[in-house]
Amino acid sequence: MMGVPVKMSISKNISRVTTETLRKMKNEGEKIAMLTSYDFTLAKMVDEGGIDAILVGDSASNVMAGHETTLPITLDQMIYHAQSVVRAVKKALVVVDLPFGTYQSDSQKALDSAIRIMKESGAHAVKLEGGQEIEESIYKILNAGIPVMGHLGLTPQSIYQFGTYKVRAKANDEAQKLIEDAKLIEQAGCFALVLEKIPSDLAAKVAKEISIPVIGIGAGPDVDGQILVLHDMLGMTHEFHPRFLRRYLNLYEEITQAISNYVNDVRKRDFPNESEAY
6 MMGVPVKMSI SKNISRVTTE TLRKMKNEGE KIAMLTSYDF TLAKMVDEGG IDAILVGDSA
66 SNVMAGHETT LPITLDQMIY HAQSVVRAVK KALVVVDLPF GTYQSDSQKA LDSAIRIMKE
126 SGAHAVKLEG GQEIEESIYK ILNAGIPVMG HLGLTPQSIY QFGTYKVRAK ANDEAQKLIE
186 DAKLIEQAGC FALVLEKIPS DLAAKVAKEI SIPVIGIGAG PDVDGQILVL HDMLGMTHEF
246 HPRFLRRYLN LYEEITQAIS NYVNDVRKRD FPNESEAY
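Per our numbering, numbering of the sequence shown is gapless, rising by one per residue and ending at 283.
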(Lines of atoms letter the chains of each structure in order from A and count residues from 1; the text may use other names and numbers.)
(Lines give C-alpha, C1' and ligand atoms only; values in the text may rest on other atoms or scores of the structure.)
Protein backbone atom coordinates (compact mmCIF):
# COMPACT_ATOMS: atom_id res chain seq x y z
CA MET A 1 0.00 0.00 0.00
CA MET A 2 1.43 3.36 -1.00
CA GLY A 3 1.84 6.05 1.65
CA VAL A 4 0.79 9.68 1.43
CA PRO A 5 2.92 11.55 -1.15
CA VAL A 6 5.55 13.75 0.51
CA LYS A 7 5.53 17.40 -0.59
CA MET A 8 8.71 19.43 -0.91
CA SER A 9 9.80 20.06 2.67
CA ILE A 10 9.83 23.62 4.01
CA SER A 11 12.80 22.83 6.25
CA LYS A 12 14.78 21.16 3.46
CA ASN A 13 15.38 24.42 1.61
CA ILE A 14 16.64 26.50 4.54
CA SER A 15 20.02 26.61 6.24
CA ARG A 16 18.70 26.54 9.82
CA VAL A 17 15.37 25.43 11.29
CA THR A 18 13.86 28.02 13.63
CA THR A 19 10.73 28.28 15.74
CA GLU A 20 9.17 30.18 12.84
CA THR A 21 9.97 27.27 10.50
CA LEU A 22 7.94 24.95 12.72
CA ARG A 23 4.99 27.37 12.69
CA LYS A 24 5.10 27.52 8.90
CA MET A 25 5.19 23.72 8.73
CA LYS A 26 2.05 23.49 10.85
CA ASN A 27 0.29 26.17 8.79
CA GLU A 28 1.08 24.34 5.55
CA GLY A 29 0.23 20.89 6.90
CA GLU A 30 3.78 19.53 6.82
CA LYS A 31 4.55 17.09 9.63
CA ILE A 32 7.43 17.92 11.98
CA ALA A 33 9.98 15.20 12.80
CA MET A 34 11.79 15.44 16.15
CA LEU A 35 14.14 13.12 18.06
CA THR A 36 16.19 13.26 21.23
CA SER A 37 19.98 13.41 21.29
CA TYR A 38 22.46 13.65 24.13
CA ASP A 39 25.94 13.39 22.57
CA PHE A 40 28.00 14.75 19.68
CA THR A 41 28.33 11.57 17.62
CA LEU A 42 24.67 10.59 17.42
CA ALA A 43 23.46 14.20 17.21
CA LYS A 44 25.60 14.69 14.11
CA MET A 45 23.93 11.68 12.46
CA VAL A 46 20.46 12.80 13.55
CA ASP A 47 21.04 16.26 12.07
CA GLU A 48 22.42 14.87 8.82
CA GLY A 49 19.42 12.52 8.61
CA GLY A 50 17.19 15.54 8.05
CA ILE A 51 15.51 15.93 11.43
CA ASP A 52 13.67 19.22 12.00
CA ALA A 53 14.26 19.56 15.73
CA ILE A 54 16.31 17.85 18.42
CA LEU A 55 15.36 17.63 22.09
CA VAL A 56 18.21 17.34 24.55
CA GLY A 57 15.87 15.57 26.93
CA ASP A 58 16.10 14.96 30.64
CA SER A 59 15.51 11.37 29.50
CA ALA A 60 19.32 11.37 29.44
CA SER A 61 18.86 10.51 33.11
CA ASN A 62 17.39 7.15 32.03
CA VAL A 63 19.14 6.52 28.72
CA MET A 64 22.65 7.76 29.45
CA ALA A 65 22.92 7.39 33.24
CA GLY A 66 20.68 4.40 34.00
CA HIS A 67 18.36 6.10 36.51
CA GLU A 68 14.78 4.86 36.87
CA THR A 69 13.34 8.36 36.44
CA THR A 70 14.27 11.72 34.95
CA LEU A 71 14.41 13.38 38.37
CA PRO A 72 18.12 12.90 39.31
CA ILE A 73 19.66 14.74 36.35
CA THR A 74 21.09 18.16 37.23
CA LEU A 75 21.22 21.47 35.40
CA ASP A 76 25.00 21.15 34.98
CA GLN A 77 24.55 17.70 33.42
CA MET A 78 21.86 18.99 31.05
CA ILE A 79 24.16 21.81 29.97
CA TYR A 80 26.97 19.30 29.32
CA HIS A 81 24.71 17.18 27.09
CA ALA A 82 23.35 20.27 25.33
CA GLN A 83 26.85 21.58 24.60
CA SER A 84 27.76 18.24 23.01
CA VAL A 85 24.66 18.26 20.81
CA VAL A 86 24.94 21.90 19.75
CA ARG A 87 28.55 21.35 18.63
CA ALA A 88 27.32 18.64 16.26
CA VAL A 89 24.22 20.28 14.81
CA LYS A 90 24.28 22.54 11.77
CA LYS A 91 20.59 22.72 10.81
CA ALA A 92 18.09 21.37 13.34
CA LEU A 93 16.45 23.45 16.06
CA VAL A 94 17.91 22.39 19.43
CA VAL A 95 15.57 22.43 22.45
CA VAL A 96 16.76 21.59 25.98
CA ASP A 97 14.70 20.30 28.91
CA LEU A 98 14.84 22.30 32.11
CA PRO A 99 15.44 19.53 34.67
CA PHE A 100 13.32 18.84 37.73
CA GLY A 101 13.76 21.40 40.51
CA THR A 102 15.00 24.24 38.31
CA TYR A 103 11.69 25.98 37.56
CA GLN A 104 8.81 24.63 39.66
CA SER A 105 9.30 26.56 42.90
CA ASP A 106 10.37 30.03 41.79
CA SER A 107 10.07 31.93 38.51
CA GLN A 108 13.36 33.78 39.04
CA LYS A 109 15.15 30.46 39.50
CA ALA A 110 13.45 29.26 36.32
CA LEU A 111 14.77 32.26 34.40
CA ASP A 112 18.27 31.86 35.83
CA SER A 113 18.25 28.17 34.79
CA ALA A 114 17.04 28.97 31.28
CA ILE A 115 19.63 31.71 30.86
CA ARG A 116 22.41 29.32 31.88
CA ILE A 117 21.27 26.76 29.31
CA MET A 118 21.07 29.33 26.52
CA LYS A 119 24.38 31.07 27.33
CA GLU A 120 26.48 28.01 28.17
CA SER A 121 25.18 25.53 25.59
CA GLY A 122 24.22 27.68 22.61
CA ALA A 123 20.85 25.91 22.33
CA HIS A 124 17.85 27.61 20.74
CA ALA A 125 15.01 27.02 23.22
CA VAL A 126 14.01 25.35 26.48
CA LYS A 127 11.17 22.97 27.37
CA LEU A 128 9.14 22.94 30.59
CA GLU A 129 6.59 20.40 31.85
CA GLY A 130 3.24 21.60 33.14
CA GLY A 131 0.58 24.25 32.63
CA GLN A 132 -1.15 26.64 35.02
CA GLU A 133 1.00 25.57 37.97
CA ILE A 134 4.18 26.84 36.26
CA GLU A 135 2.59 29.78 34.43
CA GLU A 136 4.77 32.39 36.17
CA SER A 137 7.95 30.56 35.18
CA ILE A 138 6.82 30.33 31.55
CA TYR A 139 6.09 34.06 31.38
CA LYS A 140 9.33 35.00 33.14
CA ILE A 141 11.43 33.03 30.66
CA LEU A 142 9.48 34.24 27.62
CA ASN A 143 9.75 37.86 28.76
CA ALA A 144 13.53 37.48 28.69
CA GLY A 145 13.33 36.58 25.00
CA ILE A 146 13.96 32.85 25.43
CA PRO A 147 11.73 30.55 23.31
CA VAL A 148 9.75 28.01 25.34
CA MET A 149 8.23 24.67 24.34
CA GLY A 150 5.49 23.32 26.61
CA HIS A 151 4.83 19.71 27.63
CA LEU A 152 1.51 18.27 28.85
CA GLY A 153 -0.07 14.86 29.35
CA LEU A 154 2.28 12.32 30.86
CA THR A 155 4.96 14.57 32.33
CA PRO A 156 7.79 12.28 33.51
CA GLN A 157 9.06 14.73 36.14
CA SER A 158 5.72 14.20 37.94
CA ILE A 159 5.90 10.40 37.86
CA TYR A 160 5.71 10.02 41.64
CA GLN A 161 2.54 12.12 41.67
CA PHE A 162 0.99 10.01 38.90
CA GLY A 163 2.37 6.72 40.26
CA THR A 164 2.26 5.14 36.79
CA TYR A 165 3.32 5.65 33.18
CA LYS A 166 -0.18 4.83 31.89
CA VAL A 167 -2.11 7.00 29.42
CA ARG A 168 -3.14 10.37 30.90
CA ALA A 169 -6.26 12.54 30.43
CA LYS A 170 -8.76 9.74 29.83
CA ALA A 171 -11.09 11.21 32.46
CA ASN A 172 -13.13 14.25 31.44
CA ASP A 173 -11.82 16.54 34.18
CA GLU A 174 -8.18 15.80 33.36
CA ALA A 175 -8.85 16.15 29.64
CA GLN A 176 -10.52 19.53 30.18
CA LYS A 177 -7.59 20.76 32.29
CA LEU A 178 -5.18 19.66 29.57
CA ILE A 179 -7.11 21.65 26.95
CA GLU A 180 -7.13 24.71 29.21
CA ASP A 181 -3.39 24.35 29.90
CA ALA A 182 -2.66 23.97 26.17
CA LYS A 183 -4.49 27.23 25.46
CA LEU A 184 -2.67 28.93 28.33
CA ILE A 185 0.67 27.78 26.89
CA GLU A 186 -0.33 29.10 23.46
CA GLN A 187 -1.54 32.44 24.83
CA ALA A 188 1.63 32.88 26.90
CA GLY A 189 3.65 32.82 23.68
CA CYS A 190 5.25 29.38 23.69
CA PHE A 191 6.29 28.30 20.20
CA ALA A 192 5.24 24.63 20.42
CA LEU A 193 3.75 21.99 22.70
CA VAL A 194 4.61 18.35 23.35
CA LEU A 195 1.69 16.05 24.22
CA GLU A 196 2.76 12.74 25.73
CA LYS A 197 0.73 9.55 26.06
CA ILE A 198 -2.81 10.88 25.82
CA PRO A 199 -5.83 9.64 23.80
CA SER A 200 -5.50 10.30 20.07
CA ASP A 201 -8.82 12.11 19.77
CA LEU A 202 -7.90 14.52 22.57
CA ALA A 203 -4.50 15.22 21.00
CA ALA A 204 -6.16 15.87 17.63
CA LYS A 205 -8.63 18.27 19.28
CA VAL A 206 -5.80 20.24 20.92
CA ALA A 207 -3.78 20.40 17.68
CA LYS A 208 -6.84 21.74 15.87
CA GLU A 209 -7.77 24.31 18.52
CA ILE A 210 -4.39 25.95 19.07
CA SER A 211 -2.23 27.75 16.53
CA ILE A 212 1.19 26.53 17.70
CA PRO A 213 2.68 23.20 16.57
CA VAL A 214 1.72 20.17 18.67
CA ILE A 215 4.35 17.42 18.77
CA GLY A 216 3.14 14.03 19.93
CA ILE A 217 4.72 11.03 21.62
CA GLY A 218 2.12 8.35 22.10
CA ALA A 219 -0.54 10.89 21.08
CA GLY A 220 -1.68 9.45 17.76
CA PRO A 221 -1.23 10.58 14.15
CA ASP A 222 -3.41 13.70 14.04
CA VAL A 223 -0.98 16.14 15.63
CA ASP A 224 1.53 18.40 13.87
CA GLY A 225 4.60 16.23 14.40
CA GLN A 226 6.16 13.34 16.26
CA ILE A 227 9.03 12.86 18.70
CA LEU A 228 10.69 9.66 19.90
CA VAL A 229 13.66 8.91 22.11
CA LEU A 230 16.49 8.17 19.68
CA HIS A 231 17.79 5.14 21.55
CA ASP A 232 14.29 3.63 21.59
CA MET A 233 13.63 4.01 17.86
CA LEU A 234 17.09 2.62 17.05
CA GLY A 235 16.40 -0.46 19.17
CA MET A 236 19.15 0.22 21.71
CA THR A 237 16.77 -0.05 24.68
CA HIS A 238 15.57 -3.55 23.93
CA GLU A 239 13.53 -4.07 27.13
CA PHE A 240 11.27 -1.05 26.49
CA HIS A 241 8.15 -1.93 24.47
CA PRO A 242 5.46 0.78 24.68
CA ARG A 243 2.64 0.58 22.17
CA PHE A 244 3.56 3.93 20.57
CA LEU A 245 7.16 2.97 19.76
CA ARG A 246 8.22 1.94 16.26
CA ARG A 247 11.75 0.51 16.06
CA TYR A 248 13.63 1.34 12.87
CA LEU A 249 16.68 -0.78 13.76
CA ASN A 250 17.64 -3.41 16.32
CA LEU A 251 20.98 -1.95 17.35
CA TYR A 252 21.10 -3.68 20.72
CA GLU A 253 21.54 -7.08 19.07
CA GLU A 254 23.74 -5.74 16.27
CA ILE A 255 26.10 -3.95 18.66
CA THR A 256 26.37 -6.82 21.14
CA GLN A 257 27.05 -9.21 18.25
CA ALA A 258 29.74 -6.90 16.84
CA ILE A 259 31.42 -6.72 20.25
CA SER A 260 31.24 -10.49 20.59
CA ASN A 261 32.88 -10.84 17.15
CA TYR A 262 35.66 -8.46 18.20
CA VAL A 263 36.29 -10.39 21.42
CA ASN A 264 36.49 -13.65 19.47
CA ASP A 265 38.88 -12.17 16.89
CA VAL A 266 41.21 -10.86 19.61
CA ARG A 267 41.22 -14.18 21.45
CA LYS A 268 41.83 -16.16 18.25
CA ARG A 269 44.62 -13.71 17.32
CA ASP A 270 42.76 -12.82 14.14
CA PHE A 271 42.88 -9.14 15.07
CA PRO A 272 45.00 -7.31 14.17
CA ASN A 273 46.22 -9.02 11.00
CA GLU A 274 49.15 -7.97 8.80
CA SER A 275 47.14 -5.36 6.87
CA GLU A 276 46.08 -3.74 10.15
CA ALA A 277 49.61 -3.40 11.55
CA TYR A 278 52.39 -0.88 10.84
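The C-beta atom is built at its ideal place from N, Cα and C for all residues, glycine as well. Predicted model, so just to flag it, every value in this text is computed and none were measured.
Check: Helix or strand or just coil, what does DSSP make of I78?; Outcome: coil
Check: Please list the terminal residues of the continuous beta strand (DSSP E) segment that includes H156.; Outcome: 153-158
Check: Count the other C-beta atoms from every protein chain shown that fall within 10 angstroms of the C-beta of L40, then say buried if there are 16 or more, exposed otherwise.; Outcome: buried
Check: Does the Cβ-Cβ distance between S20 and A48 come in under 8 Å?; Outcome: no
Check: Find the nearest neighbour of H86 within the set N255, M154, A70, K95, judged by alpha-carbon distance.; Outcome: A70
Check: Could you tell me which of L76, D186, I139 sits nearest to S163, measuring between CA atoms?; Outcome: L76
Check: Can you list, in chain order, the stretches of the alpha helix (DSSP H) that have 4 or more residues and sit fully within the stretch 145-213?; Outcome: 164-167, 177-193
Check: In its own chain, which residues sit with a C-beta less than 7 Å from the C-beta of E141, not counting the 5 before and 5 after it?; Outcome: S112
Check: Since L40 sits in a beta bridge, which residues does DSSP pair it with?; Outcome: I59, L233
Check: Tell me whether K96 sits in a helix, a strand or coil according to DSSP, three-state version.; Outcome: coil
Check: Just mark S110 as buried or exposed, buried being the case when its beta carbon has 16 or more other beta carbons within 10 Å.; Outcome: exposed
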